[in-house]
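Novice: Take this structure first; my questions come after.
4 protein chains.
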Amino acid sequence: MKEFDKKEAIYDAMLEMIAKYGFHNSPMSELAQKANVAAGTIYHHFKSKDEIICALFVRQKNKLNEVLFKNDDPAKSYKDRFRSFYFHLYEHFTKNPKEFTFLEQFVNSPFIQKMNKDDLHALDQPVYDFLRKAIFTQSLRDLSPKIMTALIMGSTSAIIKLSLSGEYQFSPSDLEAAFLTCWDGIKKV
Amino acid sequence: MKEFDKKEAIYDAMLEMIAKYGFHNSPMSELAQKANVAAGTIYHHFKSKDEIICALFVRQKNKLNEVLFKNDDPAKSYKDRFRSFYFHLYEHFTKNPKEFTFLEQFVNSPFIQKMNKDDLHALDQPVYDFLRKAIFTQSLRDLSPKIMTALIMGSTSAIIKLSLSGEYQFSPSDLEAAFLTCWDGIKKV
Amino acid sequence: MKEFDKKEAIYDAMLEMIAKYGFHNSPMSELAQKANVAAGTIYHHFKSKDEIICALFVRQKNKLNEVLFKNDDPAKSYKDRFRSFYFHLYEHFTKNPKEFTFLEQFVNSPFIQKMNKDDLHALDQPVYDFLRKAIFTQSLRDLSPKIMTALIMGSTSAIIKLSLSGEYQFSPSDLEAAFLTCWDGIKKV
Amino acid sequence: MKEFDKKEAIYDAMLEMIAKYGFHNSPMSELAQKANVAAGTIYHHFKSKDEIICALFVRQKNKLNEVLFKNDDPAKSYKDRFRSFYFHLYEHFTKNPKEFTFLEQFVNSPFIQKMNKDDLHALDQPVYDFLRKAIFTQSLRDLSPKIMTALIMGSTSAIIKLSLSGEYQFSPSDLEAAFLTCWDGIKKV
DNA sequence: TATGAATGAGATTTCATTCAT
DNA sequence: GATGAATGAAATCTCATTCAT
Chain Z
533 MKEFDKKEAI
543 YDAMLEMIAK
553 YGFHNSPMSE
563 LAQKANVAAG
573 TIYHHFKSKD
583 EIICALFVRQ
593 KNKLNEVLFK
603 NDDPAKSYKD
613 RFRSFYFHLY
623 EHFTKNPKEF
633 TFLEQFVNSP
643 FIQKMNKDDL
653 HALDQPVYDF
663 LRKAIFTQSL
673 RDLSPKIMTA
683 LIMGSTSAII
693 KLSLSGEYQF
703 SPSDLEAAFL
713 TCWDGIKKV
Chain X
533 MKEFDKKEAI
543 YDAMLEMIAK
553 YGFHNSPMSE
563 LAQKANVAAG
573 TIYHHFKSKD
583 EIICALFVRQ
593 KNKLNEVLFK
603 NDDPAKSYKD
613 RFRSFYFHLY
623 EHFTKNPKEF
633 TFLEQFVNSP
643 FIQKMNKDDL
653 HALDQPVYDF
663 LRKAIFTQSL
673 RDLSPKIMTA
683 LIMGSTSAII
693 KLSLSGEYQF
703 SPSDLEAAFL
713 TCWDGIKKV
Chain C
533 MKEFDKKEAI
543 YDAMLEMIAK
553 YGFHNSPMSE
563 LAQKANVAAG
573 TIYHHFKSKD
583 EIICALFVRQ
593 KNKLNEVLFK
603 NDDPAKSYKD
613 RFRSFYFHLY
623 EHFTKNPKEF
633 TFLEQFVNSP
643 FIQKMNKDDL
653 HALDQPVYDF
663 LRKAIFTQSL
673 RDLSPKIMTA
683 LIMGSTSAII
693 KLSLSGEYQF
703 SPSDLEAAFL
713 TCWDGIKKV
Chain W
533 MKEFDKKEAI
543 YDAMLEMIAK
553 YGFHNSPMSE
563 LAQKANVAAG
573 TIYHHFKSKD
583 EIICALFVRQ
593 KNKLNEVLFK
603 NDDPAKSYKD
613 RFRSFYFHLY
623 EHFTKNPKEF
633 TFLEQFVNSP
643 FIQKMNKDDL
653 HALDQPVYDF
663 LRKAIFTQSL
673 RDLSPKIMTA
683 LIMGSTSAII
693 KLSLSGEYQF
703 SPSDLEAAFL
713 TCWDGIKKV
């Protein structure tokens with residue numbers, strides 16, 4: 533097995549455990565078992581448990597950016613492009629709840645403060661750029677891209693969280709309504 | 533010191549620790565020190581660490597409802613009343629960041645799943661009720677109150693998080709713009 | 533069992549282990565067993581393994597000073613007093629080889645550099661003072677007390693080490709000769 | 533790189549690490565790094581970590597004997613020859629503190645007991661022989677060569693240790709006085 | 001009720017050594 | 001012989017919880 537595979541196995545196992553059990557209750561011994569490696573091997577690839585968790589966050593954020601922009605078509609209207617992001621995000625995370633749960637746990641924990649500010653910013657750059665252009669071309673309300681990102685991602689995450697919790701079953705028309713509520717708020721009037 | 537005071541001291545100490553260091557890295561021994569009680573005393577008031585954390589969540593949610601509805605005036609328009617909620621929330625949490633950070637950490641962690649569904653629902657009831665009435669009276673878009681709560685609280689939380697992170701300094705007009713973005717999305721057209 | 537007893541039990545167990553097996557090969561788990569306490573109890577009294585070792589050194593140095601000056605009689609000549617020290621030291625350490633072996637291991641290891649310089653100096657103060665007075669009264673050669681302490685303690689330790697190693701069996705006259713060799717070197721001519 | 537070079541590189545790296553950090557805190561992985569060899573390579577040349585340490589001791593003792601007797605001139609008086617040894621030793625070790633620190637650590641640790649008695653004796657033979665002849669020719673006090681070696685090496689080591697610790701700055705006259713103190717003790721009266 | 005020393009299971013991490021390449 | 005990723009036993013240390021006072 534190549535180094536690449538082991539690191540990936542460690543990432544996958546950690547993602548699953550943290551999503552299920554949280555940072556605590558995710559001991560390294562079980563991580564080793566789930567990743568099918570020896571405990572010591574983990575420390576050959578990472579300096580500490582915290583380092584794994586932070587590196588995993590970066591990995592997942594990059595994966596997320598790939599997902600978001602996979603089928604983006606700059607020829608389309610901003611509304612259509614945004615709509616595509618919205619539904620992609622929803623679909624991806626409802627199909628991969630572990631990724632969502634991990635990311636939300638991470639950004640709401642003290643871990644996020646251990647991250648380098650510039651690195652964090654770079655991970656959000658693709659989204660910022662998209663929104664900046666949309667604002668510049670008068671497609672979106674004149675608002676700081678940071679605030680707009682917060683508003684959009686905040687409400688979208690809440691929708692996904694509600695869906696994953698099982699508290700509410702989203703029909704396609706529910707989702708469309710949620711999307712429009714968001715869009716009507718941010719669009720240029 | 534009365535029993536009441538000790539419980540409160542324990543709650544306050546736990547809130548501060550978890551906000552700063554997370555659920556892990558908040559050992560009971562330090563909790564005892566910060567709350568100025570003996571380790572054993574904590575176990576006279578609570579069965580376990582988990583119980584403290586869950587009870588603390590309930591305490592903070594109730595406090596939050598009090599804050600939200602403190603100055604609500606049903607005679608006013610729904611827009612004004614909602615505006616008041618929005619600004620109250622922002623002010624309260626930017627002045628009490630520990631409370632916000634704790635709540636966000638809790639609801640995004642596996643702890644939330646240990647809570648009784650009905651209890652959870654009851655804690656959100658005041659907000660649901662307000663929104664349900666607003667929808668019924670055609671002040672707000674026709675959307676499930678659950679979805680609407682998610683959209684509103686999600687975007688509001690994101691704004692507060694952005695502000696607390698220090699990444700963006702909100703001016704009064706920024707906050708007004710954020711409020712309007714939210715309102716324009718949810719209002720009945 | 534009182535706190536005092538547990539700390540002492542830990543010290544005694546550590547002394548024995550290190551003397552026999554060295555700093556490495558003296559695991560905390562065995563220390564707990566030998567001291568008849570739980571592993572966690574050790575950390576109730578000490579911050580770390582290193583702290584125990586350093587505190588143990590201080591304890592042993594103080595014990596040693598007590599031994600050295602126990603029967604000192606300032607009315608006697610410096611030669612007689614020094615002779616008494618020499619034989620006391622030899623007897624004490626040949627009867628308590630663990631104490632000797634621990635001290636020698638410690639002062640020759642990197643641990644000694646972790647100690648505070650002033651604390652170290654204070655532990656040697658009684659011996660310095662004795663020698664300073666002896667030099668001042670022209671009983672001993674005019675030499676810095678630090679150098680003289682080094683010369684005396686170095687040769688004495690070497691004699692004890694030789695004796696403990698079993699490589700050489702000291703007769704009373706051997707010891708007397710060793711003492712005189714030392715004395716003839718340091719006395720004022 | 534020849535096998536010879538690798539072994540030497542391993543020895544040098546181990547010497548430095550142990551002098552700085554002690555036997556514990558000198559892991560094989562770092563040894564490999566410092567010696568610029570792979571971890572596995574070390575095990576082609578040595579059976580175990582302990583074997584390296586013991587072999588290193590033998591290497592350093594032999595080096596030391598070379599240094600001691602490098603410029604010995606049997607035509608000179610025993611006092612002059614001994615004086616030469618004394619100053620050579622001091623100079624060599626103050627210039628190569630790692631060698632001194634390693635040797636002192638080794639002989640004061642349980643490692644010394646793992647060594648073969650005869651091998652150990654052989655390493656000290658040159659010094660024993662010199663002293664035996666000096667005693668036989670009535671240049672030195674009539675004392676067992678073992679005791680005399682202990683007295684001399686013990687006090688000399690203590691002087692070097694004091695100098696290396698930085699606690700005392702030796703002037704040439706300090707060193708001369710220390711030498712004379714030793715010589716006056718051992719010389720035949 | 002209150003205390004805080006004591007517990008011991010279990011957490012994270014280290015490290016000497018092996019072995020497939 | 002040389003490599004260095006992998007191993008897993010064992011090391012240090014943590015911490016929720018208990019219990020004698």
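Protein chains in written order, with this note's numbering: chain Z, 533 to 721; chain X, 533 to 721; chain C, 533 to 721; chain W, 533 to 721. Just so you know, even glycine gets a beta-carbon here, dropped at the ideal spot from N, CA and C.
According to the neighbour-count rule (16 or more other Cβ atoms, all chains shown, within 10 Å of its Cβ), is residue 565 (chain C) buried or exposed?
Specialist: As a first step, residue 565 (chain C) is located in the third sequence; it is residue number 33 there, counting from the start. The residue in question, residue 565 (chain C), is exposed, as its Cβ has fewer than 16 Cβ neighbours within 10 Å.
Novice: Check whether the stretch 664-673 of chain Z and the stretch 639-649 of chain X are in contact - that is, three or more C-beta pairs closer than 8 Å.
Specialist: no
Novice: With respect to the alpha helix (DSSP H) encompassing residue 694 (chain W), which residues constitute its N-terminal and C-terminal limits?
Specialist: As a working note, residue 694 (chain W) is residue 162 in the fourth sequence. Note, residue 694 (chain W): alpha helix (DSSP H), 677-697.
Novice: For a contact defined as C-beta to C-beta under 9 Å, what are the partners of residue 700 (chain C) on chain W?
Specialist: The residue labelled residue 700 (chain C) in the question sits at position 168 within the third sequence. Within chain W, the residues near residue 700 (chain C) are 676, 678, 679 and 682.
Novice: Can you give the Cα-Cα distance for residue 596 (chain Z) and residue 678 (chain X), rounded to whole angstroms?
Specialist: The residue given as residue 596 (chain Z) occupies position 64 in the first sequence. The residue given as residue 678 (chain X) occupies position 146 in the second sequence. Looking at the two C-alpha atoms, the distance is approximately 26 Å.
Novice: Mind checking who residue 608 (chain X) pairs with in its DSSP beta bridge?
Specialist: The residue labelled residue 608 (chain X) in the question sits at position 76 within the second sequence. In DSSP, residue 608 (chain X) forms no bridge with anything.
Novice: Classify residue 533 (chain Z): buried if its beta carbon has 16 or more other beta carbons within 10 angstroms, exposed otherwise.
Specialist: Here residue 533 (chain Z) is taken as the residue at index 1 of the first sequence, counted from 1. Reliability fails at residue 533 (chain Z), whose pLDDT of 46 lies under 50, so the model's placement of it is uncertain and no value is given.
Novice: Along chain X, in chain order, which residues have C-beta atoms closer than 7 Å to that of residue 716 (chain Z)?
Specialist: Counted from its first residue, the first sequence places residue 716 (chain Z) at position 184. Chain X residues near residue 716 (chain Z): 716 and 717.
Novice: Which runs of the alpha helix (DSSP H) spanning at least 4 residues fall entirely within the stretch 539-594 of chain W, listed in chain order?
Specialist: Counting only runs of 4+ residues, the alpha helix (DSSP H) found wholly inside the stretch 539-594 of chain W occupies 560-567 and 571-577, in chain order.
Novice: Would you give the residue range spanned by the alpha helix (DSSP H) that residue 705 (chain Z) belongs to?
Specialist: Reading the first sequence from its first residue, position 173 is the one you call residue 705 (chain Z). Here the alpha helix (DSSP H) through residue 705 (chain Z) covers 704-718.
Novice: With distances taken from CA atoms, which of C:619, C:686, C:684 and C:697 is nearest residue 643 (chain W)?
Specialist: Taking the fourth sequence and counting its residues from 1, the one referred to as residue 643 (chain W) is at position 111. Here the closest residue by C-alpha is C:697.
Novice: Given a cut-off of 8 Å, decide if residue 681 (chain Z) and residue 661 (chain Z) are closer than it, judged by their beta-carbon atoms.
Specialist: Walking along the first sequence from the start, residue 661 (chain Z) turns up at place 129. Walking along the first sequence from the start, residue 681 (chain Z) turns up at place 149. Result no, Cβ atoms of residue 661 (chain Z) and residue 681 (chain Z) do not sit closer than 8 Å.
Novice: Okay, do the stretch 565-576 of chain W and the stretch 622-636 of chain W touch, 3+ Cβ pairs below 8 Å being the bar?
Specialist: no
Novice: Examine the Cβ distances between the stretch 611-622 of chain W and the stretch 713-721 of chain W and report whether three or more of them are shorter than 8 Å.
Specialist: yes
Novice: Determine, using beta carbons only, whether residue 640 (chain X) comes closer than 8 Å to chain Z.
Specialist: Numbered from 1 along the second sequence, position 108 holds the residue referred to as residue 640 (chain X). Output row for residue 640 (chain X): interface = yes.
Novice: Compare the C-beta of residue 553 (chain Z) against all C-beta atoms of chain X and say whether one is closer than 8 Å.
Specialist: Against the first sequence, residue 553 (chain Z) aligns to sequence position 21. Interface residue, yes.
Novice: To the nearest angstrom, how far is the alpha carbon of residue 708 (chain X) from that of residue 702 (chain X)?
Specialist: Numbered from its first residue, the second sequence carries residue 708 (chain X) at position 176. Numbered from its first residue, the second sequence carries residue 702 (chain X) at position 170. The alpha-carbon atoms of residue 708 (chain X) and residue 702 (chain X) are separated by roughly 10 Å.
Novice: Is there a C-beta anywhere in chain X that falls below 8 Å from the one on residue 636 (chain Z)?
Specialist: Counting from one through the first sequence, the residue named residue 636 (chain Z) turns up at place 104. Yes, its Cβ sits closer than 8 Å to a Cβ of chain X.
Novice: With a cut-off of 8 Å, does the C-beta of residue 691 (chain X) fall near any C-beta of chain Z?
Specialist: On the second sequence, residue 691 (chain X) is found 159 positions in, with the first residue counted as 1. For residue 691 (chain X), the answer is yes, since a Cβ of chain Z falls inside 8 Å of its Cβ.
Novice: I want to see whether chain C comes within less than 8 Å of residue 671 (chain W), judged by CB atoms only; does it?
Specialist: By 1-based counting over the fourth sequence, the position of residue 671 (chain W) is 139. It does not; no Cβ of chain C falls within 8 Å.
Novice: Would you mind sorting residue 710 (chain W) into buried or exposed? The rule is 16 or more other CB atoms within 10 Å of its CB.
Specialist: By one-based count along the fourth sequence, residue 710 (chain W) stands at place 178. Per the 10 Å Cβ criterion, buried.
Novice: To the nearest angstrom, how far is it from the Cα of residue 553 (chain C) to the Cα of residue 546 (chain C)?
Specialist: If you number the third sequence from 1, residue 553 (chain C) lands on position 21. If you number the third sequence from 1, residue 546 (chain C) lands on position 14. Approximately 10 Å between the Cα atoms of the pair.
Novice: Nearest-angstrom Cα distance between residue 686 (chain C) and residue 550 (chain X)?
Specialist: Your numbering for residue 686 (chain C) matches position 154 in the third sequence. Your numbering for residue 550 (chain X) matches position 18 in the second sequence. Approximately 55 Å, taken between the alpha carbons.
Novice: Per DSSP, which one or two residues make a beta bridge with residue 672 (chain W)?
Specialist: As a working note, residue 672 (chain W) is residue 140 in the fourth sequence. W:719, per the DSSP bridge assignment.
Novice: Do residue 620 (chain W) and residue 590 (chain W) have their C-beta atoms closer together than 8 Å?
Specialist: Your numbering for residue 620 (chain W) matches position 88 in the fourth sequence. Your numbering for residue 590 (chain W) matches position 58 in the fourth sequence. In this structure, residue 590 (chain W) does not lie closer than 8 Å to residue 620 (chain W) by Cβ.
Novice: Measuring only the C-alpha atoms, how far is residue 556 (chain Z) from residue 579 (chain X)?
Specialist: Counting from 1 along the first sequence, the entry for residue 556 (chain Z) is found at position 24. Counting from 1 along the second sequence, the entry for residue 579 (chain X) is found at position 47. Their backbone Cα atoms lie some 19 Å apart in a straight line.
Novice: Are the beta-carbon atoms belonging to residue 640 (chain X) and residue 603 (chain Z) less than 8 Å from one another?
Specialist: Here residue 640 (chain X) is taken as the residue at index 108 of the second sequence, counted from 1. Here residue 603 (chain Z) is taken as the residue at index 71 of the first sequence, counted from 1. Cβ distance not < 8 Å, so residue 640 (chain X) and residue 603 (chain Z) don't count as in contact.
Novice: Whole angstroms are fine: how far does the CA of residue 694 (chain X) sit from the CA of residue 626 (chain X)?
Specialist: Counting from one through the second sequence, the residue named residue 626 (chain X) turns up at place 94. Counting from one through the second sequence, the residue named residue 694 (chain X) turns up at place 162. Going by the C-alpha atoms only, they are around 10 Å apart.
Novice: Could you tell me whether any Cβ in chain C is nearer than 8 Å to the Cβ of residue 685 (chain W)?
Specialist: Here the question's residue 685 (chain W) lines up with position 153 in the fourth sequence. It does: the Cβ of residue 685 (chain W) has a partner Cβ on chain C nearer than 8 Å.
Novice: Can you tell me which of Z:622, Z:675, Z:593 and Z:664 puts its alpha carbon nearest to the alpha carbon of residue 638 (chain Z)?
Specialist: Position 106 of the first sequence, counting from 1, holds the residue named residue 638 (chain Z). If we check each option's Cα against that of residue 638 (chain Z), Z:593 comes out closest.
Novice: Would residue 608 (chain Z) and residue 577 (chain Z) qualify as a contact pair, given that the criterion is a beta-carbon distance under 8 Å?
Specialist: If you number the first sequence from 1, residue 608 (chain Z) lands on position 76. If you number the first sequence from 1, residue 577 (chain Z) lands on position 45. Not in contact: residue 608 (chain Z) and residue 577 (chain Z) (Cβ atoms no closer than 8 Å).
Novice: Please check the pair residue 700 (chain W) and residue 676 (chain C), which I expect to be a contact at CB under 8 Å, by giving their CB distance rounded to whole angstroms.
Specialist: Along the fourth sequence, one-based indexing puts residue 700 (chain W) at 168. Along the third sequence, one-based indexing puts residue 676 (chain C) at 144. Between residue 676 (chain C) and residue 700 (chain W) the Cβ distance is about 7 Å, and since that is below 8 Å, they are a contact.
Novice: Counting only the same chain and skipping the five closest in sequence on each side, list residues whose C-beta sits under 6 Å from that of residue 558 (chain Z).
Specialist: Numbered from its first residue, the first sequence carries residue 558 (chain Z) at position 26. Here the set comprises 549 and 550.
Novice: Note down, in chain order, every chain Z residue with its Cβ under 8 Å from the Cβ of residue 694 (chain X).
Specialist: Position 162 of the second sequence, counted from the first residue, corresponds to residue 694 (chain X). Here the neighbours are 678, 679 and 682.
Novice: Is residue 629 (chain C) helix, strand or coil when you go by DSSP?
Specialist: As a position in the third sequence, residue 629 (chain C) is number 97, starting the count at 1. If DSSP states are grouped into helix, strand and coil, residue 629 (chain C) belongs with the helices.
Novice: Compute the distance between the beta-carbons of residue 664 (chain X) and residue 713 (chain Z), then report whether it is under 8 Å.
Specialist: Residue numbering aside, residue 664 (chain X) sits at position 132 when the second sequence is read from its first letter. Residue numbering aside, residue 713 (chain Z) sits at position 181 when the first sequence is read from its first letter. Going by C-beta atoms, residue 664 (chain X) is not nearer than 8 Å to residue 713 (chain Z).
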